[in-house]
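Residue numbers (the UniProt record's numbering): 1 to 260.
Idealized CB from N, CA, C, for every residue including glycine.
This report concerns only the one structure given below.
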């Protein structure tokens, strides 16, 4: 399998911001404008990635943007660093959605369905969330464009994919994941990320085993038992993660890495 991701994310020069010069909301607004991520046209599916450690100087402000449900979820986490990462991730998600859909942050409500899938209560669009340690990915598409699903995995996880070929791979995919007689663990992780994104879009989680369907990059396919077509785009950025976005066929992902 070709190890080079399909779509590259933009990287532009930037001046660092900090909590003494502006508030978290203003810092995110500047980052969005700098990356050209201010407008999402109806034919696009948008995804942004953040490393919440880069936003840590606004940590005290982040809690002001959390819902009661968010606070309860954070209280169940045992590790302090995970609590801080999740707190900042949820705050940035809410603020990014506020900028994206044009509503005050206080009116942006992220709910969950019975299976735990995030929902935008306004009904203006569909959202998806993924995180791996301090790395978070947020995805959005306007309601007219259907659902989205995003998955982000640390590249360090590739070493732990050994022996998972039978669980992840459809029989038609196995040959492409063997290089010189050895399993391509990074290729397997990328395949897992594409399949996870597709399953998130469908709201199936892991109730459908990954090995039961093929998930090519940038080629529409169907999940077993579903009539809806899905396309998965792999997205590259200057970070040690694999990232995939599932969306309606023909949509062009608008991808950005937001840094202060």
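Contact under 8 Å by Cβ, residue 95 with residue 25
Cβ atoms of residue 95 and residue 25: closer than 8 Å.
Can the beta-carbon of residue 120 be found less than 8 Å from the beta-carbon of residue 110?
A contact, by the Cβ cut-off of 8 Å.
Continuous alpha helix (DSSP H) stretch holding residue 173: start and end:
Neither: residue 173 is in no alpha helix (DSSP H) and is coded neither H nor E.
Can you name the residues that DSSP bridges to residue 136?
In the DSSP output, where bridge partners are listed per residue, residue 136 has 50, 131.
The alpha helix (DSSP H) with residue 145 in it runs from where to where?
From DSSP, residue 145 is part of no alpha helix (DSSP H); its letter is neither H nor E.
Does DSSP put residue 242 in a helix, in a strand, or in coil?
Strand, per DSSP.
So the beta strand (DSSP E) residue 112 belongs to, where does it begin and stop?
It spans 110-112 - the beta strand (DSSP E) in which residue 112 sits, taken as one unbroken run.
According to DSSP, is residue 250 helix, strand or coil?
In this structure, residue 250 counts as coil in the three-state DSSP scheme.
Are residue 185 and residue 162 closer than 8 Å when you measure CB to CB?
Their beta carbons are under 8 Å apart, which means residue 185 touches residue 162 by this criterion.
Kindly confirm or deny that the stretch 140-154 and the stretch 197-206 touch, where touching means at least three C-beta pairs closer than 8 Å.
A contact exists between the stretch 140-154 and the stretch 197-206.
At least three beta-carbon pairs within less than 8 Å, the stretch 32-45 to the stretch 71-84
Short answer: they don't touch.
Work out the CA separation of residue 171 and residue 38 for me, nearest whole Å.
C-alpha separation (whole angstroms): 42 Å.
Within the continuous beta strand (DSSP E) that includes residue 234, where are the two ends?
Run containing residue 234: 229-236, per the beta strand (DSSP E) assignment.
Would you be able to state if there are at least three C-beta pairs under 8 Å between the stretch 19-34 and the stretch 216-233?
Fewer than three beta-carbon pairs drawn from the stretch 216-233 and the stretch 19-34 are found closer than 8 Å, and the two stretches are therefore not classed as touching.
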